[in-house]
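Asker: The listed protein sequences derive, respectively, from chains A and B. Those letters in the first sequence? Residues 1 to 254, by this note's numbering. Those letters in the second sequence? Residues 255 to 310, by this note's numbering. Take this structure, written in structure tokens, and hold onto it; I'll ask about it next.
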Amino acid sequence: MSNNPDTWLTRFHRLGSPPRLYRLAGTLLPYALTICGMLFAAGLYWGLVLAPTDYQQGESYRIIYIHVPSAWMSMFAYSVLAGASAVSLIWRMKLAEAVARASAPVGAAYTFLALVTGSLWGKPMWGAWWVWDARLTSELILLFLYLGYMALVAAIDDRRTASRAGAVLAIVGVVNLPIIHFSVEWWNTLHQGPTVTKFDQPSIALSMLIPLLLMAGAFMFHYLCVVLTRVRVEILESERRTAWVNALVTQRSS
Amino acid sequence: MSEFFQMGGYAMYVWPAYLVTAAALVVTLVGPLRRRTRMIRELSAVTAQRNTQRPK
Chain A
1 MSNNPDTWLT RFHRLGSPPR LYRLAGTLLP YALTICGMLF AAGLYWGLVL
51 APTDYQQGES YRIIYIHVPS AWMSMFAYSV LAGASAVSLI WRMKLAEAVA
101 RASAPVGAAY TFLALVTGSL WGKPMWGAWW VWDARLTSEL ILLFLYLGYM
151 ALVAAIDDRR TASRAGAVLA IVGVVNLPII HFSVEWWNTL HQGPTVTKFD
201 QPSIALSMLI PLLLMAGAFM FHYLCVVLTR VRVEILESER RTAWVNALVT
251 QRSS
Chain B
255 MSEFFQMGGY AMYVWPAYLV TAAALVVTLV GPLRRRTRMI RELSAVTAQR
305 NTQRPK
């Protein structure tokens, strides 16, 4: 064992110190916001103006540029919520608790958007706003999982107990993710099968795939911005009585 | 230009979808941003009060 204290482990631990994280998140945020805005501008222009009309669905297919990124992010945010919950249960890491709490409301928003935009796409294409199809139903269950997590965490007064109870719920709910993903293969659904994430070759034209990926990137950066901001709020909340927060706010107001 | 807004007859589906998305994305981001500013303001008020109450 070396006596050098500056190993990767100590560096990792110092990264976990709240004032450092608060500052780091504050430094990264403007860049993330800028990239997010640029991706949205490019993706929207390409998707709504440049991309060709679909030969089967006409212009209605353009909902894909918000529907698919929302659906992807609804599952990605849930994976982060569950992963951070597992880390917080095993290592009692405060940062992981903050990330889990930060992911839930925005993840619920993505799930809601996937359902609403899907409904607005389903009406002209399938002739129905809603069908009890396996893909739609499992996505609706995902929304209830998010809402259940938020209600449970809000209902318990003690912050750490609340986070731990929520973490267990979030981890149990992970079984829903493969169900959503494979629902279009396991059951005979009205919802179409995967077009982009097929292993052989995506069955979507490049001129439509590029704006879709730009929009997916924009949503990813939106999520990053939300998590960075909410983690800062969480840190301020839990560290409100410490000397460094005291110094931070007096320096701000003077 | 008006052809663009008509979306080949699907305007009543495409534009609401985009509007809902824009609203949700803005609300989820602006909410926490404003909450942080508000919290800094509140905390600085509390700190200032505590500092004046403290006997010199």
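All C-beta atoms, glycine included, are put in the ideal place defined by N, C-alpha and C.
Check whether the region 72-85 of chain A and the region 128-136 of chain A are in contact - that is, three or more C-beta pairs closer than 8 Å.
Answerer: The region 72-85 of chain A is not in contact with the region 128-136 of chain A.
Asker: What residues from chain B crowd round Trp-121 of chain A, counting only those whose CB sits closer than 8 Å?
Answerer: Per Cβ cutoff of 8 Å: Tyr-267 and Ala-271.
Asker: What does Asp-54 of chain A pair with, by DSSP beta-bridge criteria?
Answerer: DSSP output for Asp-54 of chain A lists A:Gly-58 as bridge partner(s).
Asker: For Leu-44 of chain A and Ala-167 of chain A, what's the separation of their Cα atoms in angstroms?
Answerer: Cα-Cα distance, rounded: 36 Å.
Asker: Assign Ile-35 of chain A to one of three DSSP states: helix, strand, or coil.
Answerer: If DSSP states are grouped into helix, strand and coil, Ile-35 of chain A belongs with the helices.
Asker: Whose C-beta lies closer than 7 Å to the C-beta of Ala-104 of chain A among residues of the same chain, with five residues either side of it excluded?
Answerer: Closer than 7 Å at the Cβ level, and outside the excluded window around Ala-104 of chain A, lie Leu-81, Tyr-146, Tyr-149 and Met-150.
Asker: Which residues of chain B have a Cβ atom closer than 9 Å to the Cβ of Leu-113 of chain A, listed in chain order?
Answerer: Within 9 Å Cβ-Cβ: Ala-271, Val-274, Thr-275, Ala-278 and Leu-279.
Asker: Looking at chain B, is there any beta carbon in it that lies within less than 8 Å of the beta carbon of His-191 of chain A?
Answerer: Taking Cβ atoms only, chain B never reaches closer than 8 Å to His-191 of chain A, which makes this a no.
Asker: Is it buried or exposed, Gly-47 of chain A, if we count other Cβ atoms within 10 angstroms and call 16 or more buried?
Answerer: Per the 10 Å Cβ criterion, buried.
Asker: Relative to the C-alpha of Phe-112 of chain A, which candidate in A:Leu-209, A:Met-208, A:Phe-144 and A:Trp-129 has its C-alpha closest?
Answerer: When each option's Cα is compared against that of Phe-112 of chain A, the closest is A:Phe-144.
Asker: Is Asn-246 of chain A close to chain B, meaning its C-beta is less than 8 Å from at least one C-beta of that chain?
Answerer: Yes, Asn-246 of chain A counts as interfacial toward chain B.
Asker: Determine the DSSP secondary structure at Ser-254 of chain A, reduced to helix, strand or coil.
Answerer: In this predicted model, Ser-254 of chain A has a pLDDT of only 49, less than 50, meaning its place in the structure is not dependable; the value taken from the coordinates is given anyway. In this structure, Ser-254 of chain A counts as coil in the three-state DSSP scheme.
Asker: Can you tell me the Cβ-Cβ gap for Ala-98 of chain A and Ile-235 of chain A, rounded? I've got them flagged as a contact below 8 Å.
Answerer: The pair is a contact, with the Cβ atoms about 7 Å apart (cut-off 8 Å).
Asker: For the 8 Å Cβ check, are there 3 or more pairs between the region 159-174 of chain A and the region 88-95 of chain A?
Answerer: Because the criterion of three Cβ pairs below 8 Å is met, the region 159-174 of chain A and the region 88-95 of chain A touch.
Asker: Using a beta-carbon distance below 8 Å, is Glu-139 of chain A in contact with chain B?
Answerer: Chain B, which has no Cβ nearer than 8 Å to the Cβ of Glu-139 of chain A, makes this no.
Asker: Counting only Cβ pairs nearer than 7 Å, list the residues of chain B close to Leu-240 of chain A.
Answerer: It should be pointed out that residue 240 of chain A corresponds to Arg in this sequence rather than to Leu. By Cβ distance, chain B contributes Leu-297.
Asker: Is Ile-270 of chain A helix, strand or coil by DSSP?
Answerer: Examination of residue 270 of chain A is not possible in this model, given that chain A is present from 1 through 254 alone.
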